[in-house]
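As structure tokens, the structure follows; a few thoughts come after it.
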Amino acid sequence: MFIAFRLMAGAAAIFLLATLPVVGGASEKAPLLTREQIDATWDVAQERFNSPDRYDRAYARLKLQNLADLGVRRAAMDLARRHRDGDGLPQKPICTLYWYLRAEKLGAGNDVTDQIKAVSQDVSEEEHKKIVFALESNSYRISEVCDP
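First residue of the sequence shown: 16, per our numbering; consecutive thereafter.
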């Protein structure tokens, strides 16, 4: 179950997503945010990634992770790309693979097949097993797999 709190500060909206324990997989989670709220959270995250401040980038990463937890595929794809390219996040193959596999689980399908094959070559068998276990057990605690 997810609870979304919306705070208004002038014209800017900040969305804080708090996660409560969830039973079941991502497919059983119903997003409680509207498309407009998701888009606003996305926009804030993209803005913060452009900041030279590492705390802004950490905030942006958390916002995208929250969106991915809600089932927003483009958030998982963006996190994978950012880890692949080192764009605002550390360039880490294990993180890249994790997020591409999350995106695939969220329905990206053929859009990520080539990327998964390419980055899999840079990840050890042990790291790959960690990722697969986390995804199969619906344990989306990123720190277990990728510590940014």
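Positions of the beta carbon are idealized from the N, C-alpha and C atoms, including for glycine.
Query	Result
Kindly indicate which residue of K144, Q130, D102 and Q52 has the alpha-carbon position closest to the one of R69.	D102
Whose C-beta lies closer than 6 Å to the C-beta of V160 among residues of the same chain, with five residues either side of it excluded?	Y113, K145, I146 and A149
For the candidate residues R96, E142, P105 and N153, whose alpha-carbon lies nearest to that of Q130?	R96
What's the gap between the Cα of A91 and the Cα of E62?	17 Å
Does the Cβ-Cβ distance between A235 and R88 come in under 7 Å?	As displayed, the chain neither begins before 16 nor continues past 163, which places residue 235 out of reach and without an answer.
Verify whether the separation of the beta carbon atoms of T111 and K78 is less than 7 Å.	no
Unbroken alpha helix (DSSP H) runs of length 4 or more, entirely within the region 50-101: which are they?	50-64, 69-84 and 88-100
Between D100 and Q106, what straight-line distance do the alpha-carbon atoms span, to the nearest angstrom?	6 Å
Could you check if Q80 is buried or exposed, using at least 16 other CB atoms within 10 Å of its CB as the buried criterion?	buried
Grab me the residues of V134's own chain with a C-beta within less than 8 Å of its C-beta, minus the 5 sequence neighbours each way, in chain order.	R99, P108, T111, L112 and Y115
Tell me whether the beta-carbon of R117 lies closer than 7 Å to the beta-carbon of A83.	yes
So, for L94: in the same chain, excluding its five sequence neighbours on each side, which residues have a beta-carbon less than 6 Å away from its beta-carbon?	L79 and W114
What three-state label does DSSP hand L32 in the structure shown?	Low confidence applies here, because L32 scores a pLDDT of 38, under 50, leaving its location unreliable and the question unanswered by this model.
Apply the 10 Å Cβ neighbour rule to E151 and answer buried if 16 or more other Cβ atoms are within range, or exposed otherwise.	exposed
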